[in-house]
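2 protein chains.
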Amino acid sequence: MEMNDKERKRSTGRKRKIQIQKIVDKPRLQVTFSKRKNGLFNKANELSVLCGAEVALILFSPAGKAFACGHPTPDHIIDRFLDNAEASIGSSSQNRNVDELSLCQQRCMEVEKELDEEKKRGLVLQTLVNCNVGTGDDQFWWDTYVDGLSLNELEQMRSDMENLKKIVEKKVDETTSNSTASSSSPVPMPDTSMMVPYSDVNPVVGDDEMFDFSLDMNPIDAYDQFDFSNIGNANLLELEC
Amino acid sequence: MEMNDKERKRSTGRKRKIQIQKIVDKPRLQVTFSKRKNGLFNKANELSVLCGAEVALILFSPAGKAFACGHPTPDHIIDRFLDNAEASIGSSSQNRNVDELSLCQQRCMEVEKELDEEKKRGLVLQTLVNCNVGTGDDQFWWDTYVDGLSLNELEQMRSDMENLKKIVEKKVDETTSNSTASSSSPVPMPDTSMMVPYSDVNPVVGDDEMFDFSLDMNPIDAYDQFDFSNIGNANLLELEC
DNA sequence: AACTATCGATAAAC
DNA sequence: GTTTATCGATAGTT
């Protein structure tokens, strides 16, 4: 975005540092809660995906509304946590009717495992392609690719490149002359989901759809009130498995 | 901080945009998990204080270590959550399970899709490896590769190829004049990275331009050259750039 | 709810 | 751990 300094001056909303203290203004609290709840779910989701970690996030709004998310499921995480902490207390979510769900979860985990191995395989292949030469930040693949070739191979490659260029140009011509049917071309549009699997696939989503990518998030219906008036700092604990 | 561009270049640690996908590299995953775990706890705490909300966050590291925090205590939140869930058996629990199921299915499909893409990428890399090693009578990978490209991709590829040709010619010159294998100089080429799906190689490219490998290629069946499942991540080079 | 400047989180390098 | 540049989250405004 291009702006000169004067345009900058008359910018509208400006963020300022805030103290981490209970917000008294009700509307502001509501907005903040909504925004930060979304941000928190988003970050929990990202951590889960990035690290393959099991994450559960449970929160009650000041109004007493419950939200939870987790992968594979909040109950799963809770059970594991409780089993961990108390060794053997029967969980209340055992007898739930989750046959199909648990099947899906199982499959999901299997696919994730397979994906993991496929990525490992990709790394190995990439290593081979790069001739085991580590790439610098500013190098492109052919820089290292070319490094591994002998002179003969290089000359071969040069002629290959010329042929390829012809092929490409021919293909461009074909595609251009057929441009009337461009939208219905036999070549499907590139699917960028490989590169951007979670962030930019659906740029515009509703509030509720925002975190449906991988964490199960389910707002719970209305619930009895608690007294939220005095809540202190977080009670942190770490424990070993 | 005021810095001109040259000083910028010399900076040490640089944050770059990362894909929200499972991190394969173990050390990197470990660091990311640790940092993001702290950030997540911190944000959960802030939300709790700012809005007076009850928040519980439970997570298991990939290694199986459990962490939890909550107000007033994780167990308290969990109890409340479980009571809540039990209390709402009948009306919403059915919907909730359905919701969880569909979300799980959605994630499953996404993972499967990513796996598909990863496999196609593996095919391309495999083909590349085979063509690098193999000789002559096989078609080169790009011959089939080109068939699946759209017009934009073809034009992108054409310019890529011209740059690559220059690199190859330069390399030929170097090899011819200097028997010493000098390291190739980085070629500033802003809008590429077509071939290497690990898109972080090129920070300039926009998400929309990301290339993918969802193409119909003639697979070269050489999948089981290696047993990838036995390869630990730690043994692999850092190749994610 | 959308926008923008700012602040905070954090990826990469040390 | 520490540092630093960058990216993402978000406070305040409309």
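Taken in sequence, the protein lines are chains A and B. For the first sequence, position 86 (counting from the first letter as 1) is numbered 86 according to my numbering, and the numbering increases by one without interruption. If you count the second sequence from 1, you need to add 1000 to reach my numbering. Virtual Cβ for every residue (Gly too), placed ideally from N, Cα, C.
message = Could you check whether the region 1046-1063 of chain B touches the region 75-82 of chain A, counting it as contact only if at least three pairs of C-beta atoms, one from each stretch, sit closer than 8 Å?
response = With the cut-off at 8 Å, the region 1046-1063 of chain B and the region 75-82 of chain A touch.
ask   = With a cut-off of 8 Å, do at least 3 Cβ pairs link the region 1107-1119 of chain B to the region 101-119 of chain A?
value = The region 1107-1119 of chain B makes contact with the region 101-119 of chain A, as at least three CB pairs between them are under 8 Å.
task = Please go through the same chain and pick out, in chain order, the residues whose beta-carbon is closer than 8 Å to the beta-carbon of PHE1033 of chain B, but skip the five residues on each side of it.
result = So the qualifying residues of the chain are SER1061 and PRO1062.
key: Cα-Cα separation between GLU1118 of chain B and LYS120 of chain A, rounded to whole angstroms   = Their backbone Cα atoms lie some 10 Å apart in a straight line.
task = Tell me, please, whether the CB atom of LYS1015 of chain B is closer than 9 Å to any CB atom in chain A?
result = With 9 Å as the cut-off, LYS1015 of chain B does not count as an interface residue toward chain A.
Nonlocal neighbours in the same chain, by C-beta distance under 6 Å from LYS54 of chain A, ignoring five residues either side = The question names Lys, but residue 54 of chain A is Glu in the sequence shown. Within the same chain, and ignoring the five residues on either side of GLU54 of chain A in sequence, the residues whose Cβ sits closer than 6 Å to its Cβ are ILE77.
query = Cα-Cα, which of B:GLY1052, B:ARG1107 and B:LYS1035 is closest to HIS1071 of chain B?
reply = Comparing C-alpha distances from HIS1071 of chain B to each of B:GLY1052, B:ARG1107 and B:LYS1035 shows the shortest one belongs to B:GLY1052.
request  = Pull out every residue of the region 1057-1069 of chain B whose Cβ sits closer than 7 Å to any Cβ of chain A, in chain order.
outcome  = If the cut-off is 7 Å between Cβ atoms, the region 1057-1069 of chain B has LEU1057, ILE1058, LEU1059, PHE1060, SER1061, PRO1062, GLY1064, LYS1065, ALA1066, PHE1067, ALA1068 and CYS1069 near chain A.
task = State buried or exposed for GLY13 of chain A, treating a residue as buried only when at least 16 other CB atoms are found within 10 Å of its CB.
result = Residue environment for GLY13 of chain A: exposed (fewer than 16 other C-beta atoms within 10 angstroms of its C-beta).
query = What in chain B is Cβ-close to SER33 of chain A, meaning under 8 Å?
reply = The sequence shown places Phe at residue 33 of chain A, rather than the Ser named in the question. Simply LEU1047, LEU1050, CYS1051 and ALA1053.
query = What is the C-beta distance between LEU1040 of chain B and LYS22 of chain A, in whole angstroms, given that I count them as a contact (C-beta under 8 Å)?
reply = Between LYS22 of chain A and LEU1040 of chain B the Cβ distance is about 21 Å, and since that is not below 8 Å, they are no contact.
query = Where do the ends of the beta strand (DSSP E) carrying VAL31 of chain A lie?
reply = Counting along the chain, VAL31 of chain A falls outside any beta strand (DSSP E), though it belongs to the alpha helix (DSSP H) covering 26-51.
Where the beta strand (DSSP E) containing HIS71 of chain A begins and where it ends = Counted as a single uninterrupted DSSP element, the beta strand (DSSP E) harbouring HIS71 of chain A occupies residues 66-71.
ask   = So, is the C-beta of PRO72 of chain A closer than 9 Å to a C-beta in chain B?
value = For PRO72 of chain A, the answer is yes, since a Cβ of chain B falls inside 9 Å of its Cβ.
query = Taking Cβ positions only, does ASP75 of chain A come closer than 9 Å to chain B?
reply = So, interface residue.
ask   = DSSP state of ALA1063 of chain B, grouped into three classes?
value = DSSP places ALA1063 of chain B in coil when its eight states are reduced to three.
query = Would you say ARG1036 of chain B faces chain A, with C-beta separation under 9 Å as the test?
reply = Contact with chain A is found for ARG1036 of chain B, since one of that chain's Cβ atoms lies less than 9 Å from the residue's Cβ.
query = From PRO1027 of chain B to ALA68 of chain A, what does the alpha carbon distance come to, in whole angstroms?
reply = Looking at the two C-alpha atoms, the distance is approximately 30 Å.
request  = Assuming LEU47 of chain A and LYS1037 of chain B form a contact by the criterion Cβ under 8 Å, report the distance between their Cβ atoms to the nearest whole angstrom.
outcome  = Contact annotation, LEU47 of chain A with LYS1037 of chain B: C-beta distance approximately 7 Å; criterion of less than 8 Å satisfied.
query = Does the Cβ-Cβ distance between THR73 of chain A and GLN105 of chain A come in under 9 Å?
reply = It is a contact, given that the beta carbons lie within the stated cut-off.
query = Of all the CB atoms in chain B, is at least one closer than 9 Å to the CB of ASP116 of chain A?
reply = In terms of beta-carbon proximity, ASP116 of chain A lines the interface with chain B, with at least one pair separated by less than 9 Å.
request  = Give the interface partners of LYS1119 of chain B over in chain A, defined as CB-CB distance under 8 Å, in chain order.
outcome  = Under the 8 Å cutoff, chain A gives GLU118.
Chain-ordered neighbours of LYS1043 of chain B on chain A, where CB pairs are closer than 8 Å = Among the residues of chain A, those whose CB is under 8 Å from the CB of LYS1043 of chain B are ARG36, GLY39, LEU40 and LYS43, following chain order.
key: Amino acids of chain A, ordered along the chain, whose beta-carbon sits closer than 7 Å to that of LYS1026 of chain B   = In chain order: nothing, as chain A lies at least about 11 Å away.
request  = Find out if the Cβ-Cβ distance for the pair LYS1043 of chain B, LYS17 of chain A is shorter than 9 Å.
outcome  = The answer is no: Cβ separation not under 9 Å.
query = Which whole-angstrom value is the C-beta distance of ASN1045 of chain B and ALA66 of chain A, which I expect to be below 8 Å?
reply = That belief does not hold up - the Cβ atoms of ASN1045 of chain B and ALA66 of chain A are roughly 19 Å apart, past 8 Å.
query = Identify the residues that DSSP records as bridge partners of ILE1078 of chain B: which are they?
reply = According to DSSP, ILE1078 of chain B bridges with nothing at all.
ask   = Taking just the CA atoms, how far does GLN1019 of chain B sit from GLY1064 of chain B?
value = When rounded, the distance between both Cα atoms is 24 Å.
query = Is LYS1015 of chain B near the ligand MG, judged by its Cβ being under 8 Å from some heavy atom?
reply = Among the components of this structure there are no ligands whatsoever, and the ligand MG is therefore not found.
query = With 16 as the cutoff for other CB atoms within 10 Å, does LEU103 of chain A come out buried or exposed?
reply = The residue is exposed, with fewer than 16 neighbouring Cβ atoms inside 10 Å.
ask   = Can you name the residues that DSSP bridges to ALA1056 of chain B?
value = ALA1056 of chain B is bridged to A:ILE58 and B:GLY1070.
message = At the level of alpha carbons, what is the spacing between PHE81 of chain A and ASP1025 of chain B?
response = Distance between the alpha carbons of PHE81 of chain A and ASP1025 of chain B: 27 Å.
query = CA-CA distance, LYS35 of chain A and ARG1107 of chain B?
reply = So the alpha carbons of these two residues sit roughly 24 Å apart.
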